[in-house]
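Convert by adding 7 to the 1-based position in the sequence shown; the result is the number in our numbering. These notes are about the structure you will find just below.
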Amino acid sequence: MTAELIDGKAFAAALRGRIATAVAALRAEHGITPGLAVVLVGEDPASSVYVRSKGKATVEVGMEGFQHRLSAEAPQEELLALIARLNDDPAVNGILVQLPLPRHMDEAAVINAIAPEKDVDGFTVLNAGRLATGQKAMVPCTPLGCLMLLRDRLGSLAGKDALVIGRSNIVGKPMAQLLLADSATVTVAHSRTRDLPDLCRRADIVVAAVGRARFVQGDWIKPGATVIDVGINRTGDGLVGDVDFDAVREVAGAITPVPGGVGPMTIACLLANTLTATARANGLPEPEGLTP
Ligand code: NAD
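What follows is the structure, encoded as structure tokens:
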């Protein structure tokens, strides 16, 4: 069996199209343009690329993009003061502070300074807590994108055995919460997990967010399983995921490629969250299909 490819690029393009339509309607009917502020501290090359592509995507759907750059040596107080200004700025509906931050900064303190209703990355403790307790939250973009792809492929996730590999705050943990909220039976594996291949073989859904190139092997996969590869690893052969794509493809029922799977969904979901935040800020109905 050769797995069906889950085309995240096409799904994300369609999602961005729907967002652009909703943004145009917001402007025409209410005179509102959603605004997303992206803050970059320092000159990390990968972060600069991410920030540029986020800015471009924002403008492409008709939103306003605000970019703020601070030097790598900027004191934390300067960043906190900027976040406070953005929290108070009515033209800004979403705030994203690009991670990682320079070492002299306290990442948790910085993230938690973002107003929860503008926290379009969903990383503040308030939004993490809301997600964990089933309340309306801003949901982290990457797991939200994975959930959309899974629902599109499988319909209901109720009762499915789901294995999330990785327990980071930005991918693994919120992914597990989202799957649980959709009534999957969720196992979270991590660096200290024993017999990962065996756990994997029982899973109808595998979400790999490990950060190790081609880590998940073909003979770990239950035939017909749906495999979502979050990994982005730069290797001598270019960008590869956390899944051994060629081998897993022969066993799985469906799989996301890298690139062209989860990656494009992350930015599309950032725009989705910005639109949702704008609707909530203005007391307007939230566009459908953008939140869990
Ligand atoms: P992280 O380093 O914070 O977390 C990695 C997790 O993998 C940890 O929880 C760790 O316990 C687990 N792990 C490590 N070794 C393991 C092992 N041998 N067995 C089982 N688990 C193990 O990484 P992250 O931020 O969650 O990102 C994971 C991957 O996803 C990275 O490749 C990253 O680049 C990628 N990523 C992609 C997107 C996207 O938009 N596609 C977004 C975020 C992260």
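We treat Cβ as the ideally placed atom computed from N, Cα and C, and that holds for glycine.
Count the other CB atoms, across all protein chains shown, that sit within 10 Å of the CB of residue i; report buried if there are 16 or more and exposed otherwise.
i      : result
Gly248 : buried
Arg221 : buried
Val56  : exposed
Arg256 : buried
Ala98  : exposed
Gln142 : exposed
Lys63  : exposed
Thr283 : buried
Leu185 : buried
Pro230 : exposed
Gly302 : In the structure displayed, the chain extends from 8 to 299; residue 302 sits before or after that span and is not available.
Gly296 : exposed
Leu291 : exposed
Asp244 : exposed
Val265 : buried
Ala286 : buried
Val132 : exposed
Asp20  : The sequence shown places Ala at residue 20, rather than the Asp named in the question. By the neighbour-count rule (16 or more Cβ atoms within 10 Å), Ala20 is not buried but exposed.
Compute the Euclidean distance between the alpha carbons of residue i and residue j, then round it to the nearest angstrom.
i      : j      : result
Phe312 : Gly225 : Within the shown structure, residues of the chain are numbered from 8 to 299, placing residue 312 beyond reach of any answer.
Ile39  : Leu33  : 6 Å
Cys207 : Asp51  : 35 Å
Ala35  : Ala279 : 19 Å
Glu80  : Ile90  : 17 Å
Val66  : Gly42  : 9 Å
Ala120 : Trp227 : 42 Å
Ile13  : Gly270 : 12 Å
Gly260 : Leu161 : 11 Å
Leu77  : Leu47  : 6 Å
Thr242 : Leu151 : 27 Å
Asp211 : Lys167 : 6 Å
Ser163 : Val258 : 22 Å
What are the residues that DSSP puts in a beta bridge with residue i?
i      : result
Asp51  : BP columns for Asp51 are empty, so no partner.
Ile235 : Val214
Gly245 : Thr242
Ala261 : Glu11, Thr233
Ala169 : Val193, Ile212
Val250 : Val223
Asp126 : Ile102
Glu71  : Gly42
Does DSSP classify residue i as helix, strand or coil?
i      : result
Arg76  : strand
Ile102 : strand
Glu295 : coil
Val164 : The sequence given here has Leu at residue 164, not Val. It is coil, neither helix nor strand.
Ala44  : strand
Asp205 : helix
Leu108 : coil
Thr28  : helix
Gln83  : helix
Pro271 : helix
Pro181 : helix
Arg174 : coil
Tell me which residues share the same chain as residue i and place their Cβ nearer than 8 Å to its Cβ, disregarding the 5 neighbours each side in the sequence.
i      : result
Asn289 : His37, Ile39
Ala215 : Ile172, Gly173, Phe222, Val223, Val234, Ile235, Asp236, Val237, Gly238, Gly248, Asp249, Val250
Val117 : Gln83, Leu86, Leu87, Ile90, Val104, Leu108
Glu71  : Thr40, Pro41, Gly42, Leu43, Thr65, Ala98
Starting from the C-beta of residue i, find all residues in its chain whose C-beta is less than 7 Å away, skip the five residues before and the five after it, and write them out in chain order.
i      : result
Asp159 : Phe18
Gly179 : Val171, Gly173, Val195, Ala216
Which same chain residues, not among the five before or five after residue i, have their C-beta less than 6 Å away from its C-beta?
i      : result
Arg23  : Val68, Ala275
Ala169 : Leu186, Ala191, Val193, Ile212
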